[in-house]
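Following: one structure in structure tokens, then a few remarks.
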């Protein structure tokens, strides 16, 4: 993608303005406009939130709007990286919505399940406009509880992030005791 973006000859700047307007609503309008622009024959990338997205990825992710879901993969970058103790994940872009970035550190989980978990939390936060607090818990069900801690970011060290504790579901075994 880096080589392709170096070849660009022109660009389009898109902004959705308005004081006191609903950020999610502006985000939806922006995503629809950018998706349409991405369909242009010579479109080579979408630069948003400090990242360049491949046009077809951006268009495909925007389809969530048609399913009455927020296009979080157009709005938020989800980073995954390996550590000595497991997989870590972080978000980038939550600040646009006035929210803390999220991090999960050293999870003993496969990347797909970790991505599904953190993206579900992001969807919940943005849909309900909730502000998570240090010391609270969050989960995907009444039994599922993950402690939230506010501290200096690991993947994003220039800011405070909310760390969500994560323990994988116990591995099922065929052996009986």
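Residue numbers (the working numbering): 53 to 229. Heads up, the beta-carbon is just placed ideally off N, CA and C, and yes, glycines get one too. For clarity, every value in this text was computed on a predicted model and none was experimentally measured.
Would you list the one or two residues that DSSP bridges to residue i?
i: residue 156; result: 141
i: residue 131; result: 142
i: residue 199; result: 189
i: residue 212; result: 204
Which same chain residues, not among the five before or five after residue i, have their C-beta less than 8 angstroms away from its C-beta?
i: residue 70; result: 78
i: residue 212; result: 152, 202, 203, 204, 205
i: residue 175; result: 121, 122, 124
Around the Cβ of residue i, are there at least 16 other Cβ atoms within 10 angstroms (buried) or fewer (exposed)?
i: residue 133; result: exposed
i: residue 126; result: buried
i: residue 178; result: buried
i: residue 151; result: buried
i: residue 87; result: buried
i: residue 140; result: buried
Please look up how many angstroms separate the CB atoms of residue i and residue j, rounded, as I've assumed it's under 8 angstroms.
i: residue 91; j: residue 111; result: 7 angstroms
i: residue 66; j: residue 82; result: 7 angstroms
i: residue 207; j: residue 109; result: Rounded, the Cβ-Cβ distance is 22 angstroms, inconsistent with contact.
Near residue i, which residues of its chain fall below 7 angstroms by C-beta distance, leaving aside the five closest residues on each side in sequence?
i: residue 198; result: 189, 190, 191, 216, 217, 218
i: residue 149; result: 75, 178
i: residue 186; result: 200, 201, 202
Can you name the start and end residues of the alpha helix (DSSP H) that residue i belongs to?
i: residue 183; result: Taken as a continuous stretch (DSSP letters only), residue 183 belongs to no alpha helix (DSSP H), as it is neither H nor E.
i: residue 80; result: 75 to 90
i: residue 101; result: Per DSSP, residue 101 belongs to no alpha helix (DSSP H) and is neither H nor E.
i: residue 108; result: 107 to 114
Grab me the residues of residue i's own chain with a C-beta within less than 6 angstroms of its C-beta, minus the 5 sequence neighbours each way, in chain order.
i: residue 85; result: 66
i: residue 105; result: 98
i: residue 138; result: 158, 159, 160
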